[in-house]
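Colleague:
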Amino acid sequence: MNASIEVTSTTDIQNTLPKLRTYFCQLLEELKIRRENDRESDKRVKELVSLQHGLEEKLEEGAFRLQRLQAEQTSKLEEQRRMFEDQIKDSDEEKMKAQLFSDTSMKETKSLRDEIRKLHVRNIINEYTNL
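For the sequence shown, my numbering assigns the number 863 to the initial residue and increments by one for each residue that follows.
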């Protein structure tokens, strides 16, 4: 509000006083409203700042938790990889042993068949020679 009041006489003063009183009351009321608005704004700002801090803490906790979980996951994956590599190595060793056993068995079987044939041939020869 902007009021410029010129006073020139006592009558003017008496007429102007109620206007000044009204103007002053309006100014006081406006001041009260502004102060209340300022208090509410300050309160809301404090609430928002508090909320922001809470959210930042949750974000930091989440980031830390994520890092921890990633580290655990990496560790578990590495352990699984080592375990599978060991299993593959063991399987390869077992395969080599089985192949060696199979080769040896086949050679022994062939050798025994040859021996049986030789014995069978000798047996037949002996039968013909003894007749």
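Note that beta-carbon positions come from the ideal geometry of N, C-alpha and C, so glycine has one too.
Quick check: what's the CA-CA separation for D874 versus K881?
Modeller: Start at 1 with the first residue of the sequence shown, and residue 874 comes out as number 12. Start at 1 with the first residue of the sequence shown, and residue 881 comes out as number 19. Going by the C-alpha atoms only, they are around 11 Å apart.
Colleague: So is the beta-carbon of R897 under 7 Å away from any non-hydrogen atom of the ligand SAH?
Modeller: With respect to the ligand SAH, the structure offers nothing, as it holds no ligand at all.
Colleague: What residue range is occupied by the uninterrupted alpha helix (DSSP H) comprising S871?
Modeller: Within the sequence shown, the letter at position 9 stands for residue 871. Looking at the DSSP string, S871 is not in any alpha helix (DSSP H), and its letter there is neither H nor E.
Colleague: Alpha carbon to alpha carbon, what distance is there between F946 and E940?
Modeller: As a first step, residue 940 is located in the sequence shown; it is residue number 78 there, counting from the start. As a first step, residue 946 is located in the sequence shown; it is residue number 84 there, counting from the start. Cα to Cα, the separation comes out at about 10 Å.
Colleague: Using only the alpha-carbon positions, how far apart do V911 and S903 sit?
Modeller: Taking the first residue of the sequence shown as position 1, residue 911 is located at position 49. Taking the first residue of the sequence shown as position 1, residue 903 is located at position 41. Approximately 12 Å between the Cα atoms of the pair.
Colleague: Who are the Cβ neighbours of E955 in its own chain at under 8 Å, not counting the five residues just before and after it?
Modeller: Your numbering for residue 955 matches position 93 in the sequence shown. Contacts found: none.
Colleague: Where in the stretch 906-988 do unbroken runs of the alpha helix (DSSP H), each at least 4 residues long, occur, reported from the N-terminal end onward?
Modeller: You should have found no qualifying run.
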